[in-house]
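For the working numbering, add 3 to where a residue sits in the sequence shown, where the first one is 1.
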Amino acid sequence: MTTSTKGTRTTFTPLTVTSAINDPHDCLIITFDTSEHGDRFRFAHGQHVNLRHEFDGVDVRRSYSICSGAPDGELRIAIRQVPGGVFSTWATDELRPGSVVEVTEPTGHFTHDLDPAVARRYTFFAAGSGITPIYSMIATILATEPESQVALVYLNRTSLTSMLIDDVHDLHDRYLGRLRVAFAFTREASGSELLSGRPDRARFDALVDAGFLPADADEAFLCGPIELTDIARDALVAAGMEPASIHREIFTTKQQGTVTLAPQDVTETSVVVATGTATLNGRQSDFEVYEGDSVLDAVQRARPDAPYSCRSGVCSTCQAVVRDGQVEMAVNYGLTDDEVARGYVLTCQSTPLTDTVAVDFDA
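Here's what the structure looks like:
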């Protein structure tokens with residue numbers, strides 16, 4: 004069962020980089036010094052942090068999953084340089100030991116409760132950078148539940164583009180007999196025909212049938228592009244796994260939601276389409292929604308400290324509960340069905356359907 008665990012999404016703390024390792028497999032691995040902050044940066048497996056940096060006066064934020072086991076207590080992330088990516092290019096070019104970066108406390112609901120007295124079977128699927136939270140989860144499970152068994156399929160283009168592949172190998176060697184790993188590649192031959200080639204539904208069905216992705220596990224966790232996690236989920240469900248036992252986090256999509264870097268400027272011709280109230284950090288603020296605004300855009304004019312990161316419907320940093328009125332989300336890749344049923348929305352993707360709306364970021 005997953006649990007919703009939130010950190011302080013609106014407060015950024017300067018953290019010093021203690022290690023910046025250029026992984027030969029396509030990423031920069033960053034470790035932060037959190038020793039002066041007590042338990043504030045203690046994390047649950049599968050959680051993430053938000054980083055921010057100002058570029059030419061523009062505040063740019065990105066979410067990165069923690070890629071270390073929770074028992075280790077080491078706050079570590081992996082950054083893959085994205086072609087044309089402002090933040091990832093800056094990070095991979097500039098961050099060195101001694102650099103200072105603004106970071107939020109760990110947050111995120113892609114986690115679950117552990118019990119050392121219980122023996123569970125887990126199925127994991129990771130594609131690309133989706134390995135970062137998955138690695139944290141597997142390392143934590145194996146260290147915390149000594150009788151549990153884990154199966155992982157890790158999909159990439161080639162072995163040279165497989166983030167954290169050495170860490171995964173080391174984890175496998177440490178937990179021989181409890182961790183089974185299958186490395187699958189789309190542009191490189193593998194030891195098995197099942198693990199090479201196009202990752203379509205037929206291939207996922209075969210991976211399930213062959214036991215690489217066991218559908219009889221107690222729980223499954225999937226992380227990567229929505230198209231691949233959709234296929235993996237459908238294959239597991241078709242083989243008999245209960246949908247409620249399958250949890251996923253989306254990292255990239257072919258078509259993400261509406262993205263705005265900042266709220267639009269308000270002019271004399273701007274039209275107010277709704278008004279609202281936002282509760283944030285124990286304080287209520289009124290806001291006006293102009294034509295073309297998302298709820299987040301409108302809230303930010305009144306409360307610049309409103310939490311956000313990706314602004315594209317993926318990371319869920321901007322989530323809030325609708326207390327009054329109605330909104331419509333353009334897309335939702337960050338919230339579970341249970342959270343939506345409880346009234347949570349992604350404010351970066353929400354527009355009001357009523358004249359007034361009240362949202363609670365503290366929920």
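From the three backbone atoms N, C-alpha and C, an ideal C-beta is built for every residue, glycine too. Bear in mind the structure is a predicted one, so any value in this text is a computation, not a measurement.
- Query: Mind checking whether T376 and D308 have CB atoms under 9 Å apart?
  - Reply: Nothing can be reported for residue 376: it is not among the residues displayed for the chain, which extend from 4 to 366.
- Message: Quick check: what's the CA-CA separation for A344 versus T143?
- Response: To locate residue 344, count along the sequence shown from 1; it is residue 341. To locate residue 143, count along the sequence shown from 1; it is residue 140. Spanning the two alpha carbons is a distance of roughly 29 Å.
- Task: Assess, as a yes-or-no matter, whether the region 138-154 is touched by the region 176-186 under the definition of 3 or more beta carbon pairs within less than 8 Å.
- Result: Taking a contact to require three or more Cβ pairs closer than 8 Å, the region 176-186 and the region 138-154 qualify as touching.
- Considering R304, what are the terminal residues of the beta strand (DSSP E) in which it resides? Within the sequence shown, residue 304 is the residue found at index 301, counting from 1. Here R304 belongs to no beta strand (DSSP E); instead the alpha helix (DSSP H) covers 298-305.
- Proximity to T126 [Cα-Cα], best of D221, V317, H48: The count along the sequence shown starts at 1 and reaches residue 126 at position 123. Nearest Cα to T126 within the set D221, V317, H48: D221.
- Skipping 5 residues on each side, what residues in its chain have a beta carbon closer than 6 Å to that of D26? Taking the sequence shown and counting its residues from 1, one reaches residue 26 at position 23. Excluding positions up to five away in sequence, the list reads I32.
- Message: Within the continuous beta strand (DSSP E) that includes D340, where are the two ends?
- Response: Sequence index remark: in the sequence shown, residue 340 carries index 337 (1-based). If you look at D340, you'll find it isn't in any beta strand (DSSP E); it sits in the alpha helix (DSSP H) that goes 340-344.
- Within 9 Å, strictly: CB atoms of P136 and E230: The count along the sequence shown starts at 1 and reaches residue 136 at position 133. The count along the sequence shown starts at 1 and reaches residue 230 at position 227. With contacts defined by Cβ atoms closer than 9 Å, P136 and E230 do not form a contacting pair.
- Item | For A333 and L198, the rounded distance between their alpha carbons | Position 195 of the sequence shown, counting from 1, holds the residue named residue 198. Position 330 of the sequence shown, counting from 1, holds the residue named residue 333. When rounded, the separation of the alpha-carbon atoms in L198 and A333 is 35 Å.
- Message: Between the region 50-70 and the region 79-92, can you find at least three pairs of beta-carbon atoms closer than 8 Å?
- Response: A contact exists between the region 79-92 and the region 50-70.
- Message: Between which two residues does the beta strand (DSSP E) holding A361 run?
- Response: Sequence index remark: in the sequence shown, residue 361 carries index 358 (1-based). Start and end: 359-363.
- Task: Assign K257 to buried or exposed, taking buried as 16 or more other Cβ atoms, counted over all protein chains shown, within 10 Å of its Cβ.
- Result: Numbered from its first residue, the sequence shown carries residue 257 at position 254. Model confidence at K257 stands at a pLDDT of 45, short of 50, so the residue's coordinates are unreliable; what they give is reported in the following sentence. Burial check for K257: the Cβ neighbour count within 10 Å stays below 16, so the residue is exposed.
- Mind checking I234: buried by the 16 CB within 10 Å criterion, or exposed? Residue numbering aside, residue 234 sits at position 231 when the sequence shown is read from its first letter. Buried, by the Cβ-count rule.
- So does the region 290-302 actually touch the region 36-44, counting three or more Cβ pairs closer than 8 Å? At 8 Å Cβ cutoff, the stretches do not touch.
- Selected residue, minimal CA-CA separation from R23, among C226, V103, D176: Translated into the one-based positions of the sequence shown, residue 23 becomes position 20. Here residue 23 turns out to be Ala, not Arg, going by the sequence shown. Of the candidates C226, V103, D176, the residue whose Cα lies closest to the Cα of A23 is V103.
- Query: Bridge partners of S199, per DSSP?
  - Reply: Start at 1 with the first residue of the sequence shown, and residue 199 comes out as number 196. Answer is F188.
- Message: Could you compute how far the alpha carbon of H28 sits from the alpha carbon of L349?
- Response: Working through the sequence shown from its first residue, we reach residue 28 at position 25. Working through the sequence shown from its first residue, we reach residue 349 at position 346. Looking at the two C-alpha atoms, the distance is approximately 33 Å.
- Query: Can you tell me where the beta strand (DSSP E) with M140 in it begins and where it stops?
  - Reply: By one-based count along the sequence shown, residue 140 stands at place 137. Counting along the chain, M140 falls outside any beta strand (DSSP E), though it belongs to the alpha helix (DSSP H) covering 134-147.
- Measure the alpha-carbon distance for P74 versus R204 and round it to whole angstroms. As a first step, residue 74 must be located in the sequence shown, where it is residue number 71. As a first step, residue 204 must be located in the sequence shown, where it is residue number 201. In this structure, the CA atom of P74 is about 36 Å from the CA atom of R204.
- Taking C-alpha atoms, which residue in S288, A277, R79 lies nearest to C30? Position 27 of the sequence shown, counted from the start, is the residue given in the question as residue 30. Closest option to C30, judged by alpha-carbon separation, among S288, A277, R79: R79.
- Query: In whole angstroms, what is the alpha-carbon distance linking L117 and M140?
  - Reply: Here residue 117 refers to the residue found at position 114 of the sequence shown. Here residue 140 refers to the residue found at position 137 of the sequence shown. C-alpha separation (whole angstroms): 10 Å.
- With DSSP collapsed to three states, give me the class of D26. Here residue 26 refers to the residue found at position 23 of the sequence shown. If DSSP states are grouped into helix, strand and coil, D26 belongs with the strands.
- How big is the Cα-Cα spacing for E97 and H115? As a position in the sequence shown, residue 97 is number 94, starting the count at 1. As a position in the sequence shown, residue 115 is number 112, starting the count at 1. Note on geometry: alpha-carbon atoms of E97 and H115 lie some 35 Å from one another.
- Query: DSSP on V262, reduced to helix/strand/coil?
  - Reply: Within the sequence shown, the letter at position 259 stands for residue 262. Low confidence applies here, because V262 scores a pLDDT of 45, under 50, leaving its location unreliable and the question unanswered by this model.
- How would you call A122, buried or exposed, if buried means at least 16 neighbouring beta carbons within 10 angstroms? The residue given as residue 122 occupies position 119 in the sequence shown. Around the CB of A122, fewer than 16 other CB atoms lie within 10 Å, so the residue is classed as exposed.
- Query: Which stretch, first to last residue, makes up the beta strand (DSSP E) that contains D219?
  - Reply: Walking along the sequence shown from the start, residue 219 turns up at place 216. Per DSSP, D219 belongs to no beta strand (DSSP E) and is neither H nor E.
- Query: To which residues of the same chain is D365 closer than 8 Å at the C-beta, ignoring the five residues directly before and after it?
  - Reply: Along the sequence shown, read from residue 1 onward, the residue named residue 365 stands at position 362. Excluding residues within five positions, the ones whose Cβ falls inside 8 Å are T282, L283, N284, G285.
- Message: Quick check: V52 and E108, are their CB atoms within less than 9 Å of each other?
- Response: For the purposes of this step, residue 52 is taken as the residue at position 49 of the sequence shown. For the purposes of this step, residue 108 is taken as the residue at position 105 of the sequence shown. The Cβ atoms of V52 and E108 sit closer than 9 Å to each other.
- Starting from I80, follow its DSSP beta bridges and name the residues at the other end. Position 77 of the sequence shown holds residue 80. Per DSSP, I33, I69.
- Query: Could you give the C-beta distance for A129 and C226, rounded to a whole number, given that I count them as a contact under 8 Å?
  - Reply: Within the sequence shown, residue 129 is the residue found at index 126, counting from 1. Within the sequence shown, residue 226 is the residue found at index 223, counting from 1. The C-beta distance from A129 to C226 rounds to 5 Å, short enough to meet the 8 Å contact threshold.
- Message: Taking the straight line between their C-alpha atoms, what separation do you get for G72 and T354?
- Response: What you label residue 72 is simply residue 69 of the sequence shown in a count that begins at 1. What you label residue 354 is simply residue 351 of the sequence shown in a count that begins at 1. C-alpha separation (whole angstroms): 38 Å.
- Item | Counted within 10 angstroms of its Cβ, other Cβ atoms place L174 as buried (16 or more) or exposed | Indexing the sequence shown from 1 puts residue 174 at position 171. Within 10 angstroms of the beta-carbon of L174 lie 16 or more other beta-carbons, which makes it buried.
- Query: Is G214 buried or exposed, if buried means 16 or more other CB atoms sit within 10 Å of its CB?
  - Reply: Counting from 1 along the sequence shown, the entry for residue 214 is found at position 211. The residue in question, G214, is exposed, as its Cβ has fewer than 16 Cβ neighbours within 10 Å.
- Task: My understanding is that V106 touches T16, with C-beta atoms under 8 Å, so please give their C-beta distance in whole angstroms.
- Result: Position 103 of the sequence shown, counted from the start, is the residue given in the question as residue 106. Position 13 of the sequence shown, counted from the start, is the residue given in the question as residue 16. Between T16 and V106 the Cβ distance is about 6 Å, and since that is below 8 Å, they are a contact.
- Backbone CA spacing between R206 and D219 [nearest angstrom]: Locating residue 206 in the sequence shown gives position 203, counting from the first residue. Locating residue 219 in the sequence shown gives position 216, counting from the first residue. Pairing R206 with D219, the inter-Cα distance amounts to about 18 Å.
- Query: Straight-line CA distance for R201 to D358?
  - Reply: Counting from one through the sequence shown, the residue named residue 201 turns up at place 198. Counting from one through the sequence shown, the residue named residue 358 turns up at place 355. One C-alpha to the other measures close to 48 Å.
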